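Have a look at the structure below before the remarks.
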Amino acid sequence: MSPTLFQTNSYLWIALRFHKLPLESLVTNINENKTIVVTDMQRVIYANEAACAAGVRYAMDVTTAKLLSNCESFERNRSQETQVLQSLSEQLYQFTPYLETYQCQYAPHSGLLLEISSCLQLFSGAKALTEKIFMFINAIGYSFEYGFAHTAKAAWLLSFANNGKEISGKETNAFFCGQLKQLPIQLIHDFPAAVETLEKTGFKTLDDIIRQISTQKITSIKMRLGEKFTSYICELFAIEQNLQQRPLFTKPLPLYKPEEYFSERIQFDYPITQSNQLYHPIEHLLQNLSNYLRRRQQQSQHIEWTLGDIYNNKFIINMHSDTPESYWQLLYDLTLIQLDNRELPFEVDSLELNCRSTSPTQNKNQLLAFDSQKPQVAAHNFAVTMAKLKARLGDAAVFKLSYCDSLIPENSNLIIPISERPKQDLSEIHKKSARPTWLFPTPILIEERNQILYWRGQLTLIAGPERIRTHWWEKPIARDYFIAQRHDAVRLWVFLDLLQKTWYVHGIFA
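Written out as structure tokens, the structure reads:
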């Protein structure tokens, strides 16, 4: 191996492997005297010390485990484990901005990888920083093993062979590589097929792989075990794949970005009994939200109000706007409409505003207009009006009509939300024929007396017919459509059902 492999590396990684996470993510207070296992697909993936002492082993079927130990079993919850890791990432962000989550695909191993070289001066060295991190996790209550090395993958593997070794902060690249070479190849859990091949060839430790690279170059590993495994070995020891030396260029570190959301609460000095007493606190919270969004060039369509009382009762009001907003006025008007339509459920002791979903503010092209009625002002006023109507009448009461390509006229009009863009490209038959824009959802029966049609007055046919025949394979439809004029000059779109021999009115022309 080239001597450059053992130079001091500028990166330092800590791997935190939460070996009890499958259980600790499900159960808070664990009785270690009880035999407990966690299963996945009816196989044991975790067994506590009591269960292991009774003979339970990894990958054992749950029935055998229960016969051996009379254990209590829990089903693994991967999403719960992911949530725990996400929560820990947000809390450990105080120590370093460079961290990432690791979850093995083939084994129940998961944890966090933290790069700390850029934070050593702030925390007085690696030893002091790692002690702070370990104390913090111990205070939370999660069990973990740790590894310390010059690469993220090396730190993770060394977490299986730490054996209580303390971090001095004086470790070198050569020291880390010396520890790695002693590890068995079975710890490479991400490549089970490659490990099996190596075992059959006689490889036992990572040192065997290093000697293979030194004598026959790394291309021999690549040809037998593939590009991904070769890249893994190179990243493990921080060597260049082609030159078998330390990389000339380092990869950018994974910068962790914690989830940001707005949450602010007001605790009142006395109980609020009337909704109008909440107006000023609501305005204050929304103005703070507006400042938060504009500083980050964000906007939001959804906010959540939580009313609370002294007995911990909560009442939630969800507010939604069709257009994203970064200013508080519209959200304020919509909130007041919601409050005016209901009585307070209890005497309100606290008011909380949460905004968890935001989106980047979109750049908008605006016309240079010198009159008072600017197009963007008209568009904003329309959005405000629609939002207020929906707040008072409900979402289903305000909608748009969109065209849908269908031979059946009542199926050619679709009701869509105000925020969606309607389809306006008509087919050729609709462009040539005279049809009203607005159709009744269901055709209305026309009365016929002495061969004269009546619907809120006498009708006279003035144009037509347009014949429509379709759906012969299901329920056949056969209609002749006409334009009719009523005695008051209103023009209607009517049809004769050729199968039932009855007349219907289907729409009104504007």
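Using the working numbering, read the sequence shown as starting at 795 and increasing by one per residue. Note that the Cβ used here is the ideal one computed from N, Cα and C, for glycine as well. Owing to the predicted nature of the structure, the values given are computational and were not obtained by experimental measurement.
Query	Result
In chain order, each beta strand (DSSP E) run of at least 3 residues that lies wholly inside the segment 1070-1120	1092-1102 and 1108-1119
Backbone CA spacing between N871 and L879 [nearest angstrom]	13 Å
Environment of E993 [buried if 16+ CB atoms lie within 10 Å]	exposed
Per-residue DSSP class, three states only, for C1149	strand
Contact under 8 Å by Cβ, L906 with T895	yes
Cβ shell of F1056 (< 6 Å), same chain only, five flanking positions each side left out	L1083, Y1086 and C1149
Three or more C-beta pairs below 8 Å linking the segment 1275-1285 and the segment 1254-1262	yes
Inter-stretch contact (C-beta, 8 Å, three-pair minimum) for the segment 1000-1013 and the segment 909-923	no
V1299: first and last residue of the uninterrupted beta strand (DSSP E) it sits in	T1296 to I1302
Every unbroken alpha helix (DSSP H) within the segment 801-854, with a cutoff of 4 residues, ordered by chain	815-818 and 843-847
C-beta contact flag for M1113 and Q1132 at 8 Å	yes
Chain-order list of residues whose beta-carbon lies under 6 Å from that of I1262 (same chain, five-residue window excluded)	R1273
Environment of T802 [buried if 16+ CB atoms lie within 10 Å]	Here T802 scores only 41 on pLDDT, less than 50, and its place in the model should not be relied on; the value that follows carries that caveat. Exposed is the call here.
Status (buried if at least 16 other CB within 10 Å, exposed otherwise) for N842	buried
Length of the line joining the Cα atoms of G935 and Q899	25 Å
Exposure label - P1306; buried when at least 16 CB within 10 Å	Outside the displayed span of the chain (795 to 1304) sits residue 1306, for which this structure offers no information.
Through-space distance from H1078 to V832, alpha-carbon basis	49 Å
Segment contact, 8 Å Cβ cut-off, at least three pairs: the segment 837-857 with the segment 959-969	no
Straight-line gap, W807 to K964 (C-alpha atoms, nearest Å)	14 Å
G941 (DSSP reduced to helix, strand or coil)	strand
Where W1249 falls: helix, strand or coil (DSSP)	coil
Length of the line joining the Cα atoms of P1139 and Q1071	14 Å
Q1010, buried or exposed, once every other Cβ within 10 Å from all chains shown has been counted against 16	exposed
Inter-residue CB distance, F938 and I931 (contact presumed, cutoff 8 Å)	6 Å
First through last residue of the beta strand (DSSP E) which encompasses Q1279	I1271 to R1280
Nearest neighbour of E1058, chosen from I1033, K998, E869 and E1146 [CA to CA]	E1146
DSSP state of E993 mapped onto helix, strand, coil	helix
Burial state of S804 (16 or more Cβ within 10 Å)	exposed
Given L1290 as reference, the closest of V1284, L1239 and A1304 once Cα atoms are compared	L1239
Beta-carbon proximity check, C865 vs T890, cutoff 8 Å	no
Residue nearest to M929 in terms of C-alpha spacing, selected from T945, K1269, A847 and L886	L886
CA nearest to the CA of N827, picked from A809, A848 and L815	A848
Same chain, Cβ closer than 7 Å to H983, neighbours up to 5 away in sequence not counted	C898, Y900, A901 and H903
E1141 - DSSP class collapsed to helix/strand/coil	coil
Euclidean distance between Cα positions of W1287 and N1244	21 Å
Which residues DSSP lists as bridging S1057, in chain order	N1148
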